[in-house]
Amino acid sequence: MASMNEQSTAHPAPEPHGHGLRLSRWDAESDADAAAWLRGLGDPEFRRWNTPLKPVTDLDGARDSLRAQLARAAGGDCAPFRITDADTGATLGHIGLNAIDRVIRVARVGYWVLPEARGQQAAARALALASRWAFTELGLHRLELGHAIGHDASCRIAEKCGFRYEGTLRGAMFGAGRQDAFRDVHLHARIATDPEPALG
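Under our numbering, read the sequence shown as residues 743 to 942, first letter to last.
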C-alpha cells in the first residue's frame with residue numbers, strides 16, 4: 743500500500759462497494775448529480791441539522807458547490823462520495839471524509855441521504871463502507887463524527903457503525919439556519935483498531 747504522502751485521496755479504482763451500495767465519484771458537470779446535490783442540501787431535514795456557510799438554492803449554485811468540493815478533494819483535503827444503489831445506480835445521498843489530516847491520520851465524517859432513501863439503513867451502510875476505505879486505503883487511524891444534540895437518528899447510526907460516544911462539544915455547531923448562534927454537538931469516534939461493526 744502506498745504511504746499517506748504518496749497516496750491521493752481522489753478515489754482510487756475500484757470504487758468502494760458492499761452492503762448493497764457503491765460509493766461513486768460526484769460529477770459536477772452531470773445534470774443528475776447537480777440536481778441530487780441541490781435536493782440533498784435543500785432538504786428541510788438536512789437544513790434542520792446543518793447550516794452551510796453558503797446556501798445552495800439553485801442548479802448553478804449546486805454545480806459551483808460540487809466543483810469546490812471536488813477541488814478540495816483533488817488537493818487531498820477531503821474525499822466526497824455519492825452513495826448509490828449497487829444494482830440500479832440511483833443516487834441515495836452523500837458521504838464524505840473531511841478535514842483529512844495526513845500527519846496525525848484523522849478525518850471527520852459527514853453524510854446525508856435523500857428523503858426516498860431514508861429508512862433503508864443507507865447512511866449506516868455507507869458509513870461502514872467509507873470507514874473501511876479510510877482505514878485500509880488511506881491508512882487513517884481515527885475518524886470523528888459530530889452531530890447536533892437532538893439528532894437521535896445520527897446518534898444511532900454512529901453507534902451502530904462502531905463510532906463510540908466520546909463527549910459533548912459546547913457551542914461547536916451553528917444553530918439551525920443561523921450563523922450568529924451555536925448549539926452543542928455529540929462527538930463520536932472510531933479508530934482503526936476498533937472491531938468491525940455488524941450491520942445485520
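Ideal placement from N, C-alpha and C gives every residue a C-beta, glycine not left out. This structure is a prediction, so every number in the text was calculated from the model and none was measured.
Asked: With 16 as the cutoff for other CB atoms within 10 Å, does THR826 come out buried or exposed?; Found: buried
Asked: Would you mind sorting THR751 into buried or exposed? The rule is 16 or more other CB atoms within 10 Å of its CB.; Found: At THR751, the pLDDT of 44 sits below 50, so the modelled position is not reliable; the number obtained from the coordinates is stated separately. With 16 or more Cβ atoms within 10 Å of its Cβ, THR751 is classed as buried.
Asked: Measure the Cβ-Cβ separation of ALA859 and LEU834 and say whether it is below 9 Å.; Found: yes
Asked: Following the continuous beta strand (DSSP E) through ARG860, name the residue where it begins and the one where it ends.; Found: Segment: none, ARG860 is in no beta strand (DSSP E) and carries neither H nor E.
Asked: Looking at the strands, I want to know which residues DSSP matches up with ILE933.; Found: ARG884
Asked: Report the option in ASP829, ARG790, ILE842, GLU879 whose CA atom is closest to the CA atom of ARG814.; Found: ILE842
Asked: Hey, LEU871 and GLY782 are a contact pair by Cβ (cut 8 Å); roughly how many whole angstroms apart?; Found: In fact, because the Cβ distance is near 18 Å, the residues do not count as touching under 8 Å.
Asked: Excluding five sequence neighbours on each side, which residues of the same chain lie with their C-beta closer than 8 Å to the C-beta of ASP829?; Found: GLY762
Asked: What is the DSSP secondary structure of ALA815, counted as helix, strand or coil?; Found: helix
Asked: With distances taken from CA atoms, which of ASP926, CYS820, PHE905 is nearest HIS836?; Found: CYS820
Asked: Is it right to say ILE846 is buried, meaning 16 or more other beta carbons lie within 10 angstroms of its own, or is it exposed?; Found: exposed
Asked: Determine the direct distance from the alpha carbon of TYR907 to that of ALA895, and round the result to whole angstroms.; Found: 14 Å
Asked: Determine, using beta carbons only, whether LEU995 and ALA931 come nearer to each other than 9 Å.; Found: With the chain running from 743 to 942 in the structure shown, residue 995 is simply not present.
Asked: Which of the three DSSP states is assigned to GLU879 in this structure?; Found: coil
Asked: Could you tell me the distance, in whole angstroms, from the CA atom of ALA810 to the CA atom of THR878?; Found: 26 Å
Asked: Where does the unbroken beta strand (DSSP E) through GLY852 begin, and where does it stop?; Found: 848-855
Asked: Pick helix, strand or coil for ARG912, following the three-state DSSP scheme.; Found: strand
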